[in-house]
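14 is the number of the first residue of the sequence shown in the numbering used here; add one for each residue after it. Glycine included, each C-beta is placed from N, C-alpha and C at the ideal position. Just so it is clear, the structure is predicted and the values come from calculations on it, not from any experiment. Let me begin by presenting the structure, written as structure tokens, before commenting on it.
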Amino acid sequence: MKKRRPPERRRRPEPEQAGPSQPRAPSAERVLIEYFPVRPEGRVLCTSMGRGQLAAAIAADAPDAQVACWFLDAYAADETRDWYSLDAELPQPPDVLCEADFPDQELDLVAIPISHRGEAELVRELLQQACLRLKPGGVVVAGVDNPNDRWLHGELKTLFSRIRRDPRHHGVVYSGVRMDPPKRIRNFRSDFAFRDQGRLVQAVSRPGVFSHRELDLGARALLEACDVAPGERVLDIGCGSGTVGLALSLRQPDVVLHGIDSNIRAVECLQAGAALNKLVEATVEHTAEGRIAQPGTFDLAVGNPPYFSQYRIAEIFVQAARTALKPGGRVAMVTKKPEWFEARLGQLFDGVETQTRRSYSIVSARQRGG
Numbered sequence: 014m015k016k017r018r019p020p021e022r023r024r025r026p027e028p029e030q031a032g033p034s035q036p037r038a039p040s041a042e043r044v045l046i047e048y049f050p051v052r053p054e055g056r057v058l059c060t061s062m063g064r065g066q067l068a069a070a071i072a073a074d075a076p077d078a079q080v081a082c083w084f085l086d087a088y089a090a091d092e093t094r095d096w097y098s099l100d101a102e103l104p105q106p107p108d109v110l111c112e113a114d115f116p117d118q119e120l121d122l123v124a125i126p127i128s129h130r131g132e133a134e135l136v137r138e139l140l141q142q143a144c145l146r147l148k149p150g151g152v153v154v155a156g157v158d159n160p161n162d163r164w165l166h167g168e169l170k171t172l173f174s175r176i177r178r179d180p181r182h183h184g185v186v187y188s189g190v191r192m193d194p195p196k197r198i199r200n201f202r203s204d205f206a207f208r209d210q211g212r213l214v215q216a217v218s219r220p221g222v223f224s225h226r227e228l229d230l231g232a233r234a235l236l237e238a239c240d241v242a243p244g245e246r247v248l249d250i251g252c253g254s255g256t257v258g259l260a261l262s263l264r265q266p267d268v269v270l271h272g273i274d275s276n277i278r279a280v281e282c283l284q285a286g287a288a289l290n291k292l293v294e295a296t297v298e299h300t301a302e303g304r305i306a307q308p309g310t311f312d313l314a315v316g317n318p319p320y321f322s323q324y325r326i327a328e329i330f331v332q333a334a335r336t337a338l339k340p341g342g343r344v345a346m347v348t349k350k351p352e353w354f355e356a357r358l359g360q361l362f363d364g365v366e367t368q369t370r371r372s373y374s375i376v377s378a379r380q381r382g383g
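Next comes the structure, spelled out in structure tokens:
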């Protein structure tokens with residue numbers, strides 16, 4: 014793979030000039046689009062903090078390269094596919110992958126945009142996977158949205174050779190060469206346990222899954238506010254590692270758990286946690302739309318919705334609960350911003366109540382018709 018001088022012009026139109034179908038790239042992704050340090054060839058894998066803008070730029074400028082864009086989250090992957098289908102500049106759009114790990118194939122180039130506010134363990138794991146997948150002499154390219162970065166520089170030096178650092182006004186672009194495999198392969202999976210009403214609950218998490226390695230305080234608050242009866246069906250919406258659903262399932266006999274999440278690693282973590290707790294009836298589905306396989310059959314739906322996306326994802330949580338619950342079934346959402354949930358649940362459910370636990374609000378209601 015040939016080195017070349019970083020271009021002093023942008024490959025694609027500036028985000029402010031882009032058409033309506035092109036979302037604005039996050040800063041770390043934008044700095045790579047503007048100053049990509051090598052000529053892409055062969056098999057190229059990109060990650061994205063946005064909607065695959067870097068992979069699209071590479072595919073447009075290197076039409077002979079085999080470009081793929083990798084995601085953990087199906088919501089982002091689906092939106093990226095939608096954008097690619099509308100982009101007239103992409104006659105051959107990148108493949109969009111939503112998998113728990115990088116594809117098990119030899120790669121020529123891996124490009125990773127990184128936020129300085131991102132999850133350190135996830136970055137370390139992705140860099141390690143890049144080193145394992147790249148062929149000898151393959152190139153890693155990373156961009157970070159911190160012009161004073163030193164942390165990422167140090168992480169790259171532990172895995173790659175011939176590191177080049179190119180600081181820019183809104184970030185740093187790095188490139189390095191894979192010469193040897195990692196001296197030590199780290200396992201970033203965490204098997205942890207916590208107590209719920211005197212019972213020991215076992216859980217599994219990986220980087221990129223919400224609240225990696227521990228029980229989130231919001232999840233603890235939700236557990237303190239919820240009850241479950243023997244034989245009930247419980248839906249854990251946006252299940253993450255499954256801590257809430259697993260704990261509720263162990264409280265009473267014959268409770269049946271079903272989890273849904275857009276993060277493919279979360280799906281695998283709940284499956285692993287259910288096996289550790291011997292919950293043989295537990296199931297989980299990978300979905301970005303809140304799809305419910307058996308609507309109108311659940312007694313309790315719980316969720317800890319994220320705060321970003323202007324409540325678009327929170328709306329998916331609420332609609333999933335509405336679809337899933339039988340008449341009289343209960344919904345409980347934990348949040349630090351209860352006003353939207355109180356208003357929205359009041360439009361769709363009966364008996365809206367809010368209680369406070371551990372500085373969180375748990376907004377609950379009942380399905381109409383019960």
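Item                                                                                                                                                              : Value
Can you find the residues in the same chain that come closer than 7 Å, C-beta to C-beta, to Asn301, ignoring five residues on each side of it along the sequence? : Here residue 301 is Ala; the residue named in the question, Asn, does not match the sequence. Counting only Cβ-Cβ distances below 7 Å, and skipping sequence neighbours, we find Ala87, Tyr88, Asp91, Ser275.
Rounded to a whole number of angstroms, what is the C-alpha to C-alpha distance between Phe49 and Val186?                                                         : 8 Å
Taking the beta strand (DSSP E) that Gly342 belongs to, which residues open and close that run?                                                                   : 338–348
Along the chain, where does the alpha helix (DSSP H) that runs through Glu355 open and close?                                                                     : 351–361
Tell me the rounded alpha-carbon separation between Arg335 and Leu139.                                                                                            : 37 Å
Can you tell which of Gly364, Ala356, Lys350 has its C-alpha closest to the C-alpha of Ser372?                                                                    : Lys350
Name the two residues that bound the continuous beta strand (DSSP E) containing Leu313.                                                                           : 311–316
Please name the residue, chosen from Ser262, Ala378, Pro195, Ala288, that lies closest to Val247 on a Cα-to-Cα basis.                                             : Ser262
Among residues of its own chain, excluding the 5 on either side of His166, which ones have a beta-carbon nearer than 8 Å to its beta-carbon?                      : Ile176, Arg178, Val185, Tyr187
Does DSSP put Thr300 in a helix, a strand or coil?                                                                                                                : coil
Using 8 Å as the threshold, is the stretch 284–293 in touch with the stretch 94–108, meaning 3 or more CB pairs across them?                                      : no
Roughly how many angstroms separate the alpha carbons of Gly253 and Leu236, rounded to a whole number?                                                            : 15 Å
With distances taken from CA atoms, which of Pro104, Ala295, Leu122, Ala81 is nearest Cys111?                                                                     : Ala81
On the three-state DSSP scale, how would you describe Val331?                                                                                                     : helix
What separation, rounded to the nearest whole angstrom, lies between the Cα atoms of Val257 and Leu361?                                                           : 24 Å
Taking its Cβ as the centre, do 16 or more other Cβ atoms sit within 10 Å of Pro26, making it buried, or is it exposed?                                           : Note on Pro26: pLDDT 42, under 50, position unreliable in the model; no value is reported.
Alpha carbons only, please: which of Asn317, Thr60, Gln66 is nearest the one belonging to Phe84?                                                                  : Thr60
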